[in-house]
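Colleague: For reference, the structure I am asking about is given below.
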Amino acid sequence: MDRLPPGFEDVATAQSRASGAVSIIAVVVDALSPTRTSGSSYMSTFTVKDRDVGSGPWGGLKVKYFHDDMDHLPDPDVGDVILLRNIKSSIVRGERMHVSSYADSAAWALWSKHGRGKLKPGSLQPTREEKKYASWLLENNVSAQNIHRTRRDDETRQAAKQNTSSEVTSRRFCLLRDAVFSKFIDITGEVVKTFREADDRFILYVTDYTSNEHLFNYIQPSNEMDDDDRPYQYIKKDKDNRWPGPFGTMTIQITLFTPHAEYARENVKVKDYVTLYNVHIKEGKFSGRMEGALHTDQKYPHKIQVHLINGMETDLHIMQLVKRKMQYWKKMREKLPNDPGENKNSPRKSISDLVVDRKRQRQREKREKLKEKKRKKKEDSDQPDFPRLAPIKRDQLNPHVRASNPAIPCRLIRDILDPDTHSFKGCDGVEFQLPFQNVRYRSSVRVVDYFPHNLEDFSVLYNRDRALLSDDVGDVSDSDPGGRMLWEWRFCLLVEDGGPNVPYLPPGQTRERMPLFVWGSDAVFLLQMDAVNLRDNQDALSNLREKLFVLWGDLEERKSADIDAFYSGKADTVSTKPFTCCIKEYGVMTGNKETDPISLGWERRFQMFQTAIS
Numbered sequence: 001m002d003r004l005p006p007g008f009e010d011v012a013t014a015q016s017r018a019s020g021a022v023s024i025i026a027v028v029v030d031a032l033s034p035t036r037t038s039g040s041s042y043m044s045t046f047t048v049k050d051r052d053v054g055s056g057p058w059g060g061l062k063v064k065y066f067h068d069d070m071d072h073l074p075d076p077d078v079g080d081v082i083l084l085r086n087i088k089s090s091i092v093r094g095e096r097m098h099v100s101s102y103a104d105s106a107a108w109a110l111w112s113k114h115g116r117g118k119l120k121p122g123s124l125q126p127t128r129e130e131k132k133y134a135s136w137l138l139e140n141n142v143s144a145q146n147i148h149r150t151r152r153d154d155e156t157r158q159a160a161k162q163n164t165s166s167e168v169t170s171r172r173f174c175l176l177r178d179a180v181f182s183k184f185i186d187i188t189g190e191v192v193k194t195f196r197e198a199d200d201r202f203i204l205y206v207t208d209y210t211s212n213e214h215l216f217n218y219i220q221p222s223n224e225m226d227d228d229d230r231p232y233q234y235i236k237k238d239k240d241n242r243w244p245g246p247f248g249t250m251t252i253q254i255t256l257f258t259p260h261a262e263y264a265r266e267n268v269k270v271k272d273y274v275t276l277y278n279v280h281i282k283e284g285k286f287s288g289r290m291e292g293a294l295h296t297d298q299k300y301p302h303k304i305q306v307h308l309i310n311g312m313e314t315d316l317h318i319m320q321l322v323k324r325k326m327q328y329w330k331k332m333r334e335k336l337p338n339d340p341g342e343n344k345n346s347p348r349k350s351i352s353d354l355v356v357d358r359k360r361q362r363q364r365e366k367r368e369k370l371k372e373k374k375r376k377k378k379e380d381s382d383q384p385d386f387p388r389l390a391p392i393k394r395d396q397l398n399p400h401v402r403a404s405n406p407a408i409p410c411r412l413i414r415d416i417l418d419p420d421t422h423s424f425k426g427c428d429g430v431e432f433q434l435p436f437q438n439v440r441y442r443s444s445v446r447v448v449d450y451f452p453h454n455l456e457d458f459s460v461l462y463n464r465d466r467a468l469l470s471d472d473v474g475d476v477s478d479s480d481p482g483g484r485m486l487w488e489w490r491f492c493l494l495v496e497d498g499g500p501n502v503p504y505l506p507p508g509q510t511r512e513r514m515p516l517f518v519w520g521s522d523a524v525f526l527l528q529m530d531a532v533n534l535r536d537n538q539d540a541l542s543n544l545r546e547k548l549f550v551l552w553g554d555l556e557e558r559k560s561a562d563i564d565a566f567y568s569g570k571a572d573t574v575s576t577k578p579f580t581c582c583i584k585e586y587g588v589m590t591g592n593k594e595t596d597p598i599s600l601g602w603e604r605r606f607q608m609f610q611t612a613i614s
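Just so you know, the sequence shown maps onto residues 1 to 614 in full-length UniProt numbering.
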């Protein structure tokens, strides 16, 4: 029984995947005892292989499994066989591994040579084929149980001395205020500035909002420092060359070498949060101040030790950093000077600013004229309401919209929304209804509506620092000078089944419709555009309108011409081509557990991903 069960991949194939989720059954060749992280979760770390097991953990697939409940955490021994369903590939500290977070909660099952198997609570029982394959692995890889048993015992004794591996990590993690020369530390901070060297080096200026007297002192500008320039306000100063803060001895210059430099050049931007591992603290050759260097790892030269922190992480160090930052800028809010050429009591604008204001005013007037022209055209009975487009085949798929995983068959919206797909029977025979599942689909759909109504509102400005913390962050304004105010795509499409394989619908009946959210990086992938202020950038707004015309045809034109007629059903049928897209299902906590006990306080949602307009 050396054939993998359906839906599973061998370890080599799983390791070759740069992203996505895989299911594997393999032998545990290396394992650490579960430990508590710096947050509220527990972590289990182990390595698996399905061939050449006796040679040790080298070349195996490393797994990190996180959960807040120890009972849901796999605790394998060396030689056990483990099944993992839909575990995601990720990069942790520059190393490729597979990770299951608390939100993912990948299903698992364990088989041991000397005892009964174990199953993750609430998971489905393995199939007959999966059990047979696991038994075959146990019988044919007995050597793994003895080869690494001594190593396992040594690691257990070492972990007992150190209590937990998280404590070891916390000893190496260091705030800038505690950094000393000639030490190697891990730093979590915000990127204040970047600089590209002529050679392969790349420099990051990083702050964690703590002070060290050995760091370079960045002087805070005063309110009066630019008074001499007031008669010459028509000269526009280069604000990019001014130090943005924080001021004082709070920022360290860190020089990155290959391969860290290449990664940072492509991925790290100003105001990003990063964790840099194994930074060498030293004295600057020319400045004599404290600096850092991130050299190439001599043992693993391709290992990247720059970790870019996303907006969903809840690590304790990140949250503490954001809180220090918000407290700092709260204190500095009243102390910061105005821009050069301005005065609190009598604000004045430079000529360049006045030119920008006039340009924006002309753009607003132009938009008003276009709206008035459309309104008059609508009122003229001799004119048709809409220009007639070239006839199209209504059920022909749009070739200009493409989705990943073309081998996966499409599912109908009505089948995705069917509540019976979320009914399960537990190990004890009790039937229950899941409020949602973390699953993915492919479907061919047609857009019939969108929200917000105005395209200018498709991108929003938000404070990413507040998103990393809870609502209880004190009296901190969204307009803080140091706030990470970013533009992000956020809009929703109302879709229904469409395409050549969709069953015929009798007259008078309506199809099932699904609100499909589009936001963040998935929206950037769809539009091939970064989010900007669409009210101040007419070129970007025009590009967005052209992109969406490919997606939904003349839908916007018909809706904006007469929104009342659009929703009353008096407008003509929207002539949009269907397209194929990828959809992921997830849940959002609403907190209404008492009012809706069936959903347990969760709301089922759907989001578009891995779909692009070409």
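By construction, the Cβ of each residue, glycine as well, lies at the ideal position given by its N, Cα and C atoms.
Would residue 411 pass as a contact of residue 443 if the rule is Cβ separation under 7 angstroms?
Modeller: The residue labelled residue 411 in the question sits at position 411 within the sequence shown. The residue labelled residue 443 in the question sits at position 443 within the sequence shown. Yes, they are a contact pair.
Colleague: Excluding the 5 residues preceding and the 5 following residue 309 in the sequence, name in chain order all residues of the same chain whose CB lies nearer than 7 angstroms to its CB.
Modeller: Looking up residue 309 in the sequence shown gives position 309. Excluding residues within five positions, the ones whose Cβ falls inside 7 angstroms are 273, 274, 275, 318.
Colleague: How about residue 264 and residue 322: are their beta carbons less than 7 angstroms apart?
Modeller: Residue 264 sits at position 264 when you count from the first residue of the sequence shown. Residue 322 sits at position 322 when you count from the first residue of the sequence shown. The answer is no: Cβ separation not under 7 angstroms.
Colleague: Helix, strand or coil, according to DSSP, for residue 612 in the structure here?
Modeller: Numbered from 1 along the sequence shown, position 612 holds the residue referred to as residue 612. Residue 612 falls in the strand class under three-state DSSP.
Colleague: Alpha carbon to alpha carbon, how far is residue 251 from residue 172?
Modeller: Position 251 of the sequence shown, counted from the first residue, corresponds to residue 251. Position 172 of the sequence shown, counted from the first residue, corresponds to residue 172. Computed Cα separation, rounded: 19 angstroms.
Colleague: Nearest-angstrom Cα distance between residue 206 and residue 193?
Modeller: If you number the sequence shown from 1, residue 206 lands on position 206. If you number the sequence shown from 1, residue 193 lands on position 193. C-alpha separation (whole angstroms): 7 angstroms.
Colleague: Which residue spans inside the stretch 506-567 form an unbroken alpha helix (DSSP H) run of at least 4?
Modeller: Whole alpha helix (DSSP H) segments, 4+ residues: 520-527, 538-552, 555-561.
Colleague: Does residue 103 pass the burial test, meaning 16 or more other C-beta atoms within 10 Å, or should it be called exposed?
Modeller: The residue given as residue 103 occupies position 103 in the sequence shown. The residue is exposed, with fewer than 16 neighbouring Cβ atoms inside 10 Å.
Colleague: Counting Cβ pairs closer than 8 angstroms, one from the stretch 3-15 and one from the stretch 28-47, do we hit at least three?
Modeller: No, the stretch 3-15 does not touch the stretch 28-47.
Colleague: Assign residue 498 to one of two classes, buried (16 or more other C-beta atoms within 10 Å of its C-beta) or exposed (fewer than that).
Modeller: Translated into positions along the sequence shown, residue 498 becomes position 498. Per the 10 Å Cβ criterion, buried.
Colleague: For residue 232, count neighbouring Cβ atoms within 10 angstroms of its own Cβ and tell me buried if that reaches 16, exposed if not.
Modeller: Here residue 232 refers to the residue found at position 232 when the sequence shown is read from its first residue. Bear in mind that the predicted position of residue 232 carries a pLDDT of just 44, short of 50, making it unreliable; the figure below should be weighed with that in mind. Exposed.
Colleague: Since residue 615 and residue 397 are thought to touch, with beta carbons under 8 angstroms apart, how far apart are those beta carbons, to the nearest angstrom?
Modeller: Because the chain here runs from 1 to 614, residue 615 falls outside it and cannot be looked at.
Colleague: What does the alpha-carbon distance come out to for the pair residue 610 and residue 437?
Modeller: Here residue 610 refers to the residue found at position 610 of the sequence shown. Here residue 437 refers to the residue found at position 437 of the sequence shown. Roughly 19 angstroms separates the two Cα atoms.
Colleague: State the start and end residues of the unbroken alpha helix (DSSP H) segment that holds residue 136.
Modeller: Sequence index remark: in the sequence shown, residue 136 carries index 136 (1-based). From DSSP, the alpha helix (DSSP H) with residue 136 extends over 128-140.
Colleague: In angstroms, rounded to a whole number, what distance separates the CA positions of residue 495 and residue 514?
Modeller: Residue 495 sits at position 495 when you count from the first residue of the sequence shown. Residue 514 sits at position 514 when you count from the first residue of the sequence shown. Cα to Cα, residue 495 sits roughly 5 angstroms from residue 514.
Colleague: From residue 419 to residue 140, what does the alpha carbon distance come to, in whole angstroms?
Modeller: Residue mapping note: residue 419 aligns to position 419 of the sequence shown, counting from 1. Residue mapping note: residue 140 aligns to position 140 of the sequence shown, counting from 1. Roughly 43 angstroms separates the two Cα atoms.
Colleague: Quick check: what's the CA-CA separation for residue 174 versus residue 187?
Modeller: Along the sequence shown, one-based indexing puts residue 174 at 174. Along the sequence shown, one-based indexing puts residue 187 at 187. In a straight line, the C-alpha of residue 174 is about 6 angstroms away from that of residue 187.
Colleague: Going by other Cβ atoms of all chains shown within 10 Å of its Cβ, with 16 needed for buried, is residue 645 buried or exposed?
Modeller: Because the chain in this structure spans residues 1 to 614, residue 645 falls outside the shown range and cannot be described.
Colleague: Helix, strand or coil for residue 19, going by three-state DSSP, please let me know.
Modeller: The count along the sequence shown starts at 1 and reaches residue 19 at position 19. Correct three-state label for residue 19: coil.
Colleague: Closer than 6 angstroms by C-beta to residue 184: which residues in its own chain qualify, once you throw out the five before and the five after it? Chain order, please.
Modeller: The residue labelled residue 184 in the question sits at position 184 within the sequence shown. Once the five neighbours on either side are set aside, the close Cβ partners of residue 184 are 278, 280.
Colleague: Exposed or buried, residue 58, counting other C-beta atoms within 10 Å across all chains shown (16 or more means buried)?
Modeller: Numbered from its first residue, the sequence shown carries residue 58 at position 58. It is exposed - the Cβ of residue 58 has fewer than 16 other Cβ atoms within 10 Å.
Colleague: Going by alpha carbons, who is nearest to residue 399 out of 550, 585, 12?
Modeller: In the sequence shown, the residue the question calls residue 399 occupies position 399. Checked all of 550, 585, 12; the closest Cα to residue 399 is 550.
Colleague: So, with DSSP's three-state summary, where would you put residue 421?
Modeller: Against the sequence shown, residue 421 aligns to sequence position 421. Three-state result, residue 421: helix.
Colleague: Residue 437 lies in the alpha helix (DSSP H); which residues open and close that run?
Modeller: Locating residue 437 in the sequence shown gives position 437, counting from the first residue. It is not in any alpha helix (DSSP H) - residue 437 carries neither H nor E in the DSSP assignment.
Colleague: Looking at residue 23 and residue 116, is the spacing between their C-beta atoms short of 7 angstroms?
Modeller: For this step, residue 116 is matched to residue 116 along the sequence shown. For this step, residue 23 is matched to residue 23 along the sequence shown. No, they are not a contact pair.
Colleague: Could you pull out every residue in the same chain whose Cβ sits closer than 7 angstroms to the Cβ of residue 287, ignoring the five residues on either side in sequence?
Modeller: As a first step, residue 287 is located in the sequence shown; it is residue number 287 there, counting from the start. Taken in chain order, the residues that qualify are 216.
Colleague: Mapping the DSSP letters down to three states, classify residue 365 as helix, strand or coil.
Modeller: If you number the sequence shown from 1, residue 365 lands on position 365. Three-state result, residue 365: helix.
Colleague: With residue 531 and residue 489 assumed to form a contact (beta carbons below 8 angstroms), what rounded beta-carbon distance in angstroms separates them?
Modeller: Here residue 531 refers to the residue found at position 531 when the sequence shown is read from its first residue. Here residue 489 refers to the residue found at position 489 when the sequence shown is read from its first residue. About 5 angstroms; that satisfies the 8 angstroms criterion.
Colleague: At which residues does the beta strand (DSSP E) containing residue 584 begin and terminate?
Modeller: Locating residue 584 in the sequence shown gives position 584, counting from the first residue. It spans 579-589 - the beta strand (DSSP E) in which residue 584 sits, taken as one unbroken run.
Colleague: What does a CB cutoff of less than 7 angstroms around residue 302 pick up in its chain, not counting 5 residues either side in sequence?
Modeller: Here the question's residue 302 lines up with position 302 in the sequence shown. The residues are 259.
Colleague: Within 8 angstroms, do at least three Cβ pairs link the stretch 449-464 to the stretch 114-133?
Modeller: Judged by Cβ distances under 8 angstroms, the stretch 114-133 makes no contact with the stretch 449-464, as fewer than three pairs qualify.
Colleague: With DSSP run on the structure shown, which of helix, strand or coil describes residue 620?
Modeller: Any property of residue 620 remains undetermined from this structure, which presents the chain solely from 1 to 614.
Colleague: Count the other CB atoms within 10 Å of the CB of residue 35; is the residue buried (16 or more) or exposed (fewer)?
Modeller: By 1-based counting over the sequence shown, the position of residue 35 is 35. Under this definition residue 35 is a buried residue.
Colleague: Reducing DSSP to helix, strand and coil, say where residue 486 ends up.
Modeller: Looking up residue 486 in the sequence shown gives position 486. Strand.
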